[in-house]
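Protein chains in written order, with our numbering: chain Z, 21 to 265; chain B, 21 to 265. Glycine included, every Cβ here is placed at the ideal spot set by N, Cα and C. Here the structure is a predicted model, which means the values were calculated and not measured.
Number of protein chains: 2
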Amino acid sequence: MPKNNLPVVILVRPQLGQNIGAVARAMSNFGLKELRIVAPRDGWPNARAAETASGGEGIIHAATIFADFDAATADIHVAYATTARPRDMEKRVADPGAALPELKTQVDAGRRVALVFGPERTGLENEEIVRCDALMTIPTAPENSSLNIAQSAVVVFYEWWKQAQLPAVARELPEIAPKEDWQGLFTQLEAYLDEVNYYRVADKKIIMWQNLQNLLLRGAWSAQEVRSVRGMLRSIWERKRKGEG
Amino acid sequence: MPKNNLPVVILVRPQLGQNIGAVARAMSNFGLKELRIVAPRDGWPNARAAETASGGEGIIHAATIFADFDAATADIHVAYATTARPRDMEKRVADPGAALPELKTQVDAGRRVALVFGPERTGLENEEIVRCDALMTIPTAPENSSLNIAQSAVVVFYEWWKQAQLPAVARELPEIAPKEDWQGLFTQLEAYLDEVNYYRVADKKIIMWQNLQNLLLRGAWSAQEVRSVRGMLRSIWERKRKGEG
Numbered sequence: 021m022p023k024n025n026l027p028v029v030i031l032v033r034p035q036l037g038q039n040i041g042a043v044a045r046a047m048s049n050f051g052l053k054e055l056r057i058v059a060p061r062d063g064w065p066n067a068r069a070a071e072t073a074s075g076g077e078g079i080i081h082a083a084t085i086f087a088d089f090d091a092a093t094a095d096i097h098v099a100y101a102t103t104a105r106p107r108d109m110e111k112r113v114a115d116p117g118a119a120l121p122e123l124k125t126q127v128d129a130g131r132r133v134a135l136v137f138g139p140e141r142t143g144l145e146n147e148e149i150v151r152c153d154a155l156m157t158i159p160t161a162p163e164n165s166s167l168n169i170a171q172s173a174v175v176v177f178y179e180w181w182k183q184a185q186l187p188a189v190a191r192e193l194p195e196i197a198p199k200e201d202w203q204g205l206f207t208q209l210e211a212y213l214d215e216v217n218y219y220r221v222a223d224k225k226i227i228m229w230q231n232l233q234n235l236l237l238r239g240a241w242s243a244q245e246v247r248s249v250r251g252m253l254r255s256i257w258e259r260k261r262k263g264e265g
Numbered sequence: 021m022p023k024n025n026l027p028v029v030i031l032v033r034p035q036l037g038q039n040i041g042a043v044a045r046a047m048s049n050f051g052l053k054e055l056r057i058v059a060p061r062d063g064w065p066n067a068r069a070a071e072t073a074s075g076g077e078g079i080i081h082a083a084t085i086f087a088d089f090d091a092a093t094a095d096i097h098v099a100y101a102t103t104a105r106p107r108d109m110e111k112r113v114a115d116p117g118a119a120l121p122e123l124k125t126q127v128d129a130g131r132r133v134a135l136v137f138g139p140e141r142t143g144l145e146n147e148e149i150v151r152c153d154a155l156m157t158i159p160t161a162p163e164n165s166s167l168n169i170a171q172s173a174v175v176v177f178y179e180w181w182k183q184a185q186l187p188a189v190a191r192e193l194p195e196i197a198p199k200e201d202w203q204g205l206f207t208q209l210e211a212y213l214d215e216v217n218y219y220r221v222a223d224k225k226i227i228m229w230q231n232l233q234n235l236l237l238r239g240a241w242s243a244q245e246v247r248s249v250r251g252m253l254r255s256i257w258e259r260k261r262k263g264e265g
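Right, dumping it as structure tokens:
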């Protein structure tokens with residue numbers, strides 16, 4: 021467990037440098053330090069991001085770049101995605117005021133937590149949402165529910181900072197596998213299911229595979245448990261192959 | 021009491037049109053409708069404000085312009101100012117999470133409430149702060165406590181919206197005089213005190229007069245009570261004049 025465990029901020033495919041800068045600024049306003057960026061549209065470094073960070077320049081300079089969502093979340097235990105519209109998915113959804121106290125408990129227990137934001141126009145892809153543990157939607161008036169990424173970040177980080185001022189929770193939480201272990205499980209399982217033509221109709225695969233990942237992820241297994249499940253699946257798989265051969 | 025009583029947003033001497041637009045956008049995101057602007061630096065209308073309002077265009081077009089702070093607050097019962105730095109003043113200070121539930125109670129009781137924001141660079145003048153009833157300071161990390169006006173507005177309006185979702189509080193609150201009654205009292209009293217050279221040393225007037233206004237305002241008097249105090253002061257004043265004459 022890192023000594024000063026803090027949530028990591030992950031921007032997925034951000035478009036405008038000024039938005040990256042505004043997020044870094046808000047991070048520095050509310051005590052966050054580590055920024056990860058997945059495939060920024062305009063490359064990296066981005067001069068406009070540094071210009072608009074206004075106190076968050078250090079965060080911009082220390083930001084790390086990743087090729088895809090899975091790489092950026094490999095060491096993360098629990099990922100919270102901020103989404104504008106509700107997704108039709110079996111995920112817990114909470115507003116930031118309710119989600120951040122829970123998140124603080126995770127951080128206090130030493131888990132690596134990520135706050136994930138999608139691209140400005142389109143938001144996160146469903147296959148990325150699936151691999152997050154919970155969704156946050158900022159409550160807005162129905163007449164204008166469009167918040168830009170900088171506004172959303174301010175609200176979420178502000179709620180983080182309110183929680184961060186509270187004393188650490190002494191409670192121990194069960195160990196939970198980092199995302200790269202889950203990614204390994206999903207890759208293995210998807211390959212098996214594809215090979216046996218589990219979905220039959222290709223159209224159905226997308227939703228069925230999302231539901232299956234959601235359901236497995238909700239188990240919040242430890243690294244050992246993920247390994248056990250992978251071993252069990254492999255045994256079943258190999259037995260089946262023998263039966264065929 | 022207005023049927024749909026909502027807090028009024030007052031921007032005092034805002035500088036950049038894009039900030040006015042961003043505030044209007046955040047108002048529309050969080051269900052606020054009435055924007056008042058005191059002496060906008062670049063005049064009015066401001067094309068940039070409308071361009072950047074993004075869903076809050078109607079708020080920009082309906083915004084009303086005032087020459088000074090007192091005119092903009094004449095019909096307001098309770099004014100909450102958002103300030104970046106703590107002022108050395110006898111005012112209640114709270115963070116938005118604590119202040120907005122109280123504000124909601126005032127709104128539910130039919131009082132006209134204002135959320136006041138000062139100019140980008142300098143913030144509100146002390147003589148304006150004095151005439152507000154409470155200050156809000158957004159909690160930030162010590163390493164970067166500089167929030168811009170758009171960020172501050174998002175946080176305050178978001179906290180408003182969280183409260184606005186709760187059922188109305190049935191509690192009745194005592195009637196409270198609108199600001200124009202207080203302005204009348206202060207103008208009258210200041211004239212008296214100047215004429216009798218109450219402060220002796222001009223340097224001391226600023227602080228002493230601020231303290232006196234603060235202390236009077238804390239009484240939260242009704243319009244009738246303000247009238248009584250004004251009558252009492254006038255009587256004392258005229259008696260003194262007779263004595264002199």
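Rounded straight-line distance, which links the Cα of residue 160 of chain Z to that of residue 73 of chain B:
Sequence index remark: in the second sequence, residue 73 of chain B carries index 53 (1-based). Sequence index remark: in the first sequence, residue 160 of chain Z carries index 140 (1-based). So the alpha carbons of these two residues sit roughly 16 Å apart.
Any beta carbon of chain B sitting closer than 8 Å to that of residue 167 of chain Z?
Counting from 1 along the first sequence, the entry for residue 167 of chain Z is found at position 147. By this cut-off, residue 167 of chain Z is an interface position.
Check distances from the C-beta atoms of the segment 128-162 of chain B to those of chain Z and list, in chain order, the residues that come in under 9 Å.
158, 159, 160, 161, 162
Say whether chain B places a C-beta atom closer than 8 Å to the C-beta of residue 263 of chain Z.
Position 243 of the first sequence, counted from the start, is the residue given in the question as residue 263 of chain Z. At residue 263 of chain Z the pLDDT is 49, less than 50, meaning the model places this residue with poor confidence and gives no usable figure here.
So if DSSP puts residue 56 of chain Z in a beta bridge, which residue, or which two residues, is it bridged to?
The residue labelled residue 56 of chain Z in the question sits at position 36 within the first sequence. Answer by DSSP bridge pairing, in chain order: Z:30, Z:84.
Using a Cβ-Cβ cut-off of 8 Å, state whether residue 164 of chain Z counts as contacting chain B.
Translated into positions along the first sequence, residue 164 of chain Z becomes position 144. Chain B, which has a Cβ nearer than 8 Å to the Cβ of residue 164 of chain Z, makes this yes.
Would residue 109 of chain B and residue 230 of chain B qualify as a contact pair, given that the criterion is a beta-carbon distance under 8 Å?
What you label residue 109 of chain B is simply residue 89 of the second sequence in a count that begins at 1. What you label residue 230 of chain B is simply residue 210 of the second sequence in a count that begins at 1. Yes. Within cutoff.
Keeping to the same chain, check which residues put their C-beta closer than 7 Å to that of residue 128 of chain B; ignore five residues upstream and five downstream.
Numbered from 1 along the second sequence, position 108 holds the residue referred to as residue 128 of chain B. Taken in chain order, the residues that qualify are 188, 189.
Could you check whether the segment 52-59 of chain B touches the segment 83-100 of chain B, counting it as contact only if at least three pairs of C-beta atoms, one from each stretch, sit closer than 8 Å?
yes
CA-CA distance, residue 111 of chain Z and residue 83 of chain Z?
Here the question's residue 111 of chain Z lines up with position 91 in the first sequence. Here the question's residue 83 of chain Z lines up with position 63 in the first sequence. The alpha-carbon atoms of residue 111 of chain Z and residue 83 of chain Z are separated by roughly 29 Å.
Taking three-plus beta-carbon pairs below 8 Å as touching, is the segment 112-121 of chain B in contact with the segment 206-222 of chain B?
no
Backbone secondary structure at residue 102 of chain B - three-state DSSP:
Reading the second sequence from its first residue, position 82 is the one you call residue 102 of chain B. Residue 102 of chain B falls in the strand class under three-state DSSP.
Tell me the rounded alpha-carbon separation between residue 37 of chain Z and residue 213 of chain B.
Within the first sequence, numbered from 1, the residue matching residue 37 of chain Z stands at position 17. Within the second sequence, numbered from 1, the residue matching residue 213 of chain B stands at position 193. Between residue 37 of chain Z and residue 213 of chain B, the C-alpha separation is close to 56 Å.
Here's a check: name, in chain order, each residue in its chain whose Cβ is nearer than 6 Å to the Cβ of residue 24 of chain Z, leaving out the five neighbours to either side.
As a first step, residue 24 of chain Z must be located in the first sequence, where it is residue number 4. Excluding sequence neighbours, residue 24 of chain Z sits near nothing in its chain.
So, using beta-carbon positions, are residue 52 of chain Z and residue 177 of chain Z closer together than 8 Å?
Taking the first residue of the first sequence as 1, we reach residue 52 of chain Z at position 32. Taking the first residue of the first sequence as 1, we reach residue 177 of chain Z at position 157. In this structure, residue 177 of chain Z lies closer than 8 Å to residue 52 of chain Z by Cβ.
Three-state secondary structure (DSSP) of residue 109 of chain Z:
The count along the first sequence starts at 1 and reaches residue 109 of chain Z at position 89. The answer is coil: DSSP assigns residue 109 of chain Z none of H, G, I, E or B.
Tell me which same chain residues have a C-beta within less than 8 Å of the C-beta of residue 75 of chain Z, skipping the five on either side of it?
Taking the first sequence and counting its residues from 1, one reaches residue 75 of chain Z at position 55. Counting only Cβ-Cβ distances below 8 Å, and skipping sequence neighbours, we find 45, 48, 49.
So what does residue 150 of chain Z bridge to, in DSSP terms?
What you label residue 150 of chain Z is simply residue 130 of the first sequence in a count that begins at 1. Per DSSP, none; premise fails for residue 150 of chain Z.
Please return the same chain residues whose Cβ sits closer than 7 Å to the Cβ of residue 228 of chain B, not counting the five positions on each side in sequence.
Sequence index remark: in the second sequence, residue 228 of chain B carries index 208 (1-based). Contacts found: 219.
Beta-carbon neighbours of residue 51 of chain Z, restricted to chain B and to distances below 7 Å
For the purposes of this step, residue 51 of chain Z is taken as the residue at position 31 of the first sequence. Within chain B, the residues near residue 51 of chain Z are 161.
Three-state secondary structure (DSSP) at residue 189 of chain Z?
For the purposes of this step, residue 189 of chain Z is taken as the residue at position 169 of the first sequence. Residue state, collapsed to three classes: coil.
Would you list the residues sitting across from residue 137 of chain B in a DSSP beta bridge?
Taking the first residue of the second sequence as 1, we reach residue 137 of chain B at position 117. Note: residue 137 of chain B sits in a beta bridge opposite B:31, B:102.
Consider the Cβ of residue 180 of chain Z: report whether some Cβ of chain B lies at a distance smaller than 8 Å.
Indexing the first sequence from 1 puts residue 180 of chain Z at position 160. Output row for residue 180 of chain Z: interface = no.
Minimum Cβ-Cβ distance from residue 243 of chain Z to chain B less than 8 Å:
Counted from its first residue, the first sequence places residue 243 of chain Z at position 223. No, residue 243 of chain Z does not count as interfacial toward chain B.
Going by DSSP in three states, residue 144 of chain Z sits in which element: helix, strand or coil?
By 1-based counting over the first sequence, the position of residue 144 of chain Z is 124. The answer is coil: DSSP assigns residue 144 of chain Z none of H, G, I, E or B.
According to DSSP, simplified to helix, strand and coil, what is residue 260 of chain B?
Counting from 1 along the second sequence, the entry for residue 260 of chain B is found at position 240. Since pLDDT at residue 260 of chain B reaches only 49, below the 50 mark, its modelled position is unreliable, and no value is offered.
DSSP three-state label for residue 91 of chain B, please.
As a working note, residue 91 of chain B is residue 71 in the second sequence. Helix.
Does DSSP classify residue 73 of chain B as helix, strand or coil?
In the second sequence, counting from the first residue as 1, residue 73 of chain B sits at position 53. Residue 73 of chain B: coil per DSSP, three-state reduction.
Between the alpha carbons of residue 244 of chain Z and residue 29 of chain Z, how many angstroms are there, rounded?
Reading the first sequence from its first residue, position 224 is the one you call residue 244 of chain Z. Reading the first sequence from its first residue, position 9 is the one you call residue 29 of chain Z. Roughly 27 Å separates the two Cα atoms.
Using the Cβ count rule (16 or more neighbours within 10 Å means buried), how would you classify residue 22 of chain Z?
By 1-based counting over the first sequence, the position of residue 22 of chain Z is 2. At residue 22 of chain Z, the pLDDT of 47 sits below 50, so the modelled position is not reliable and the matter cannot be decided from this model.
Where residue 75 of chain B meets chain Z, residues with beta-carbon distance less than 7 Å:
Along the second sequence, one-based indexing puts residue 75 of chain B at 55. Neighbours of residue 75 of chain B on chain Z, chain order: 164, 166.
Residue 46 of chain Z: contacting residues in chain B (beta-carbon distance under 8 Å)
One-based indexing of the first sequence puts residue 46 of chain Z at position 26. Here the neighbours are 171.
Distance between residue 33 of chain Z and residue 155 of chain Z (C-alpha atoms, nearest Å)
Locating residue 155 of chain Z in the first sequence gives position 135, counting from the first residue. Locating residue 33 of chain Z in the first sequence gives position 13, counting from the first residue. Looking at the two C-alpha atoms, the distance is approximately 18 Å.
Does the beta-carbon distance from residue 246 of chain B to residue 180 of chain B come in below 8 Å?
Residue 246 of chain B sits at position 226 when you count from the first residue of the second sequence. Residue 180 of chain B sits at position 160 when you count from the first residue of the second sequence. No; because the gap between Cβ atoms is not below 8 Å, this pair is not in contact.
Considering only C-alpha positions, which residue in the set B:169, B:142, B:196 is nearest to residue 130 of chain B?
In the second sequence, counting from the first residue as 1, residue 130 of chain B sits at position 110. The option with the nearest alpha carbon to residue 130 of chain B is B:196.
Exposed or buried, what is residue 217 of chain B when buried is set at 16 or more other beta-carbons lying within 10 Å of its beta-carbon?
Taking the first residue of the second sequence as position 1, residue 217 of chain B is located at position 197. Residue 217 of chain B is exposed by the Cβ-count criterion.
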